[in-house]
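*Asks:*
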Amino acid sequence: MKIAHLHSGSLAGIDERVARPAYDRSQVAVGIAHFGVGGFHRAHQAMYLDRLLNQGEGFDWGICGIGLLPADKLMADALARQDNLYTLVSRATSGRREARVIGSIVRHLYAPHRPDDVLDVLTDERTRIVSLTITEGGYNLDPVTGRFDPATPDVAHDLRRAPGQPPRTVFGYVIEALRRRWEAGRAPFTIMSCDNIPSNGAVARAAFSAFAALVDPALGERVHREVAFPSSMVDRITPVTTPGDIAEIADDYGIGDGWPVVCEPFTQWVLEDGFSAGRPRWETVGVQLTDDVEPYELMKLRLLNAGHQALAYAGYLAGHTYVHDAARDPVLAEFVLGYMTREAARTLRPVPGIDLDAYVHGLLERFANPAIRDTIARLCAFTSDRIPKFLLPVINDNLASGRPFARSAAVVACWARYAEAVDEKGAPIDVVDALRDELVARARRQHAEPLAFIENESLFGGLSRHPDFAESYRSTLASLHTVGARQTIEDLNAVLAADEA
């Protein structure tokens, strides 16, 4: 099959099985600036806006992507070569695939090379939403205290930068743009977090207001008072694009796309309807607008996200490479199902319109989708940003209420064993985490000091001092060291099943 490089001029000639923008992209103006254009944003928010544009509306809500990190330069270059077009392919368990070219990103800026252009876009009164996928750790808040950390190097730079010196962080750019907008008599934009964090709108408000207050207390108060920060729940499993994905899309559809996106068919977006300067009519393309996102976000974070963590470390130690293989391992599947039904679900209040039992079993089916080929390593990365937000609230709720927590303790123990950076066969584990050195050092002490890992109170608070949790954790960790992960989980399943019978 002849391969056609994806760009505006090649759209008319691509495979007819691939849907393409049915709208004139030259008529789409920027209304949304998005920090952190990665696979998830392109499989989710940008996809929903593309749906809206294909309905013939939303032409003043095009997306300008903004990259801040060195890795974002690669995305900027890839999109530039393709006129900001890319291919989105959803893969179902049945083998069915659907491909479409997404055109809703109409501009992309790599901030370190074009800081003035970024500030111009953010200051432009036509930009009415600034959205974020900057990862769970990107808000610069202490996981235990919730306080903003002004001492991280790039934040410290932005707080003391001289006039005319460009910012380095999302906080620096956003707060400088808001300051300029108010100085020019313009209304503020809405800041919309799309990251996997409980009450992500409130978290974003706390982070940006705290940064602004360090610049100027009056500015901080104004950000807190006048800027809208709607919360959201976002859901679509989107693994990292691989060279195999790129080759497969070229072979199957004849499209030369330097950075396509592959995802599952399932998608969900629940969004608080609180925007100060308007918004696209997302409700017409499947987005659920609500006054209360919290039940949905806690459901997703404590079941899907924490369920992924429950599968990841035991799965890796048991020798699995891909998520679907671990999810099809009956021992691990029983463990994850038990975590979700016996521990996580009991911390949730009713979720309007959702059958939790069906949702849980649907998650196991989604995890087991072999067409996605999501890697265990992806789920294991940056755990210090994830476990405190996804799993520790479940543990703390259950400890406070006297409910079961043994499976959750086992997840933490599996993380601690994984963090030793050596697998059960003696091979090295590449622990990817902002706190890698500290985590590995503590984990390697735990043969002699079993609680060393969870005595890190900046991550775990006082869990190590809770006698019941500490004993359950210690027992599981000892078993991991003695008989390995799969046997440990199998034994735990048997004990808990007998207790719960």
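Here the sequence shown is numbered in my numbering, starting from -4 and rising by one per residue.
All C-beta atoms, glycine included, are put in the ideal place defined by N, C-alpha and C.
Closest by CA to Ala179, which one among Gly348, Asp494, Asp115 and Pro275?
*Replies:* Taking only the C-alpha atoms, the option nearest Ala179 is Asp115.
*Asks:* For Glu485, which residues from the same chain have a beta carbon less than 7 Å from its beta carbon, with the 5 sequence-adjacent residues on both sides left out?
*Replies:* Only Val326 meet the Cβ criterion.
*Asks:* For Ser204, which residues from the same chain have a beta carbon less than 7 Å from its beta carbon, with the 5 sequence-adjacent residues on both sides left out?
*Replies:* Cβ neighbours of Ser204 beyond the five flanking positions: Gly215, Val218 and His219.
*Asks:* Once DSSP output is grouped into helix, strand and coil, what is the label at Trp533?
*Replies:* The question about residue 533 has no answer here: the residues shown for the chain are numbered -4 through 496.
*Asks:* What residues in its chain sit with their C-beta under 7 Å from that of Val113, if we drop five residues either side in the sequence?
*Replies:* Counting only Cβ-Cβ distances below 7 Å, and skipping sequence neighbours, we find Ile61, Leu104, Ala106 and Tyr168.
*Asks:* If I'm right that Ile39 touches Trp264 with Cβ under 8 Å, what's the distance once you round it to whole angstroms?
*Replies:* One detail in the question is off: residue 39 reads as His in this sequence, not Ile. Between Trp264 and His39 the Cβ distance is about 7 Å, and since that is below 8 Å, they are a contact.
*Asks:* For His315, does the three-state DSSP call read helix, strand or coil?
*Replies:* Three-state DSSP puts His315 in coil, outside helix and strand.
*Asks:* Please give the ranges of any alpha helix (DSSP H) in the segment 82 to 106, keeping only runs that are unbroken, at least 4 residues long and fully inside the region.
*Replies:* Entirely contained in the segment 82 to 106, not one alpha helix (DSSP H) run reaches 4 residues.
*Asks:* One question on the structure: do Arg530 and Phe184 come within less than 8 Å of each other, judged by their Cβ atoms?
*Replies:* Coverage of the chain is limited to positions -4 through 496, which leaves residue 530 absent and any answer about it impossible.
*Asks:* Residue ranges of each alpha helix (DSSP H) run of no fewer than 4 residues wholly in the segment 110 to 189, ordered along the chain?
*Replies:* Counting only runs of 4 or more, we get 110 to 118, 148 to 155 and 165 to 178.
*Asks:* Among the candidates Phe400, Arg200, Glu433 and Leu284, whose CA atom is the shortest distance from the CA of Glu415?
*Replies:* Measuring from the Cα of Glu415, the nearest candidate turns out to be Glu433.
*Asks:* May I have a chain-ordered list of the alpha helix (DSSP H) segments no shorter than 4 residues that lie completely inside the segment 426 to 484?
*Replies:* Entirely contained in the segment 426 to 484, the alpha helix (DSSP H) runs reaching 4 residues are, in chain order, 431 to 438, 452 to 455 and 462 to 478.
*Asks:* In the DSSP assignment, what are the bridge partners of Thr285?
*Replies:* According to DSSP, Thr285 bridges with Glu267.
*Asks:* Less than 8 Å separating the beta-carbons of His315 and Phe362?
*Replies:* No, they are not a contact pair.
*Asks:* Does the distance from the C-beta atom of Glu292 to that of Met228 stay below 8 Å?
*Replies:* Cβ atoms of Glu292 and Met228: closer than 8 Å.
*Asks:* Is it buried or exposed for His461, if we count other Cβ within 10 angstroms and need 16 for buried?
*Replies:* Buried.
*Asks:* Tell whether a beta-carbon distance below 8 Å holds between Thr285 and Glu267.
*Replies:* Yes; because the gap between Cβ atoms is below 8 Å, this pair is in contact.
*Asks:* From the DSSP output, in three-state form, read off Asp418 for me.
*Replies:* Reduced to three states, the DSSP call for Asp418 is coil.
*Asks:* Taking contact to mean at least 3 C-beta pairs separated by less than 8 Å, is the segment 77 to 86 in contact with the segment 240 to 252?
*Replies:* Flag = yes, the segment 77 to 86 and the segment 240 to 252 touch.
*Asks:* Check the DSSP bridge columns for Asp247 and list the partner residues they point to.
*Replies:* DSSP lists no partner for Asp247.
*Asks:* Please check the pair Tyr311 and Tyr413, which I expect to be a contact at CB under 8 Å, by giving their CB distance rounded to whole angstroms.
*Replies:* Correct: roughly 6 Å between the Cβ atoms.
*Asks:* Can you tell me which of Gly4, Glu93, Gly33 and Ile367 puts its alpha carbon nearest to the alpha carbon of Ser21?
*Replies:* The residue with the shortest Cα to Cα distance from Ser21 is Gly4.
*Asks:* CA-CA distance, Pro255 and Gln77?
*Replies:* If I take the Cα positions, the gap works out to 11 Å.
*Asks:* Rounded C-beta distance between Thr262 and Asp230? I'm assuming under 8 Å.
*Replies:* Confirmed, about 7 Å.
*Asks:* Note down the Cα distance separating Leu332 from Leu386, rounded to an integer number of angstroms.
*Replies:* If you take the alpha carbons of Leu332 and Leu386, they lie about 15 Å apart.
*Asks:* Are the beta-carbon atoms belonging to Gly90 and Ala366 less than 8 Å from one another?
*Replies:* It is a contact, given that the beta carbons lie within the stated cut-off.
*Asks:* According to DSSP, is Ala321 helix, strand or coil?
*Replies:* Looking at Ala321 - three-state DSSP - the assignment turns out to be helix.
*Asks:* Pick helix, strand or coil for Ser194, following the three-state DSSP scheme.
*Replies:* Correct three-state label for Ser194: coil.
*Asks:* Which first and last residues belong to the alpha helix (DSSP H) in which Phe30 is found?
*Replies:* Premise fails: Phe30 lies in the beta strand (DSSP E), Val25 to Phe30, not in any alpha helix (DSSP H).
*Asks:* Determine the direct distance from the alpha carbon of Val150 to that of Tyr165, and round the result to whole angstroms.
*Replies:* In the sequence on display, residue 165 carries Val and not Tyr. Near 9 Å, if we compare the C-alpha coordinates of Val150 and Val165.
*Asks:* Starting from the C-beta of Tyr468, find all residues in its chain whose C-beta is less than 7 Å away, skip the five residues before and the five after it, and write them out in chain order.
*Replies:* Cβ within range, chain order: Ala404, Val407, Ala408 and Ile449.
*Asks:* Once you ignore the five residues that flank Leu458 on each side, which residues in its own chain have a CB closer than 6 Å to its CB?
*Replies:* Cβ neighbours of Leu458 beyond the five flanking positions: Ile449 and Phe464.
*Asks:* Are Thr342 and Asp380 close, meaning C-beta to C-beta below 8 Å?
*Replies:* No. Outside cutoff.
*Asks:* Could you name the residues that DSSP lists as bridge partners for Val256?
*Replies:* Its beta-bridge partners are Leu83.
*Asks:* For Val229, does the three-state DSSP call read helix, strand or coil?
*Replies:* Three-state DSSP puts Val229 in a strand.
*Asks:* Which stretch, first to last residue, makes up the alpha helix (DSSP H) that contains Ile371?
*Replies:* Where Ile371 is concerned, the enclosing alpha helix (DSSP H) stretches over Ile371 to Cys375.
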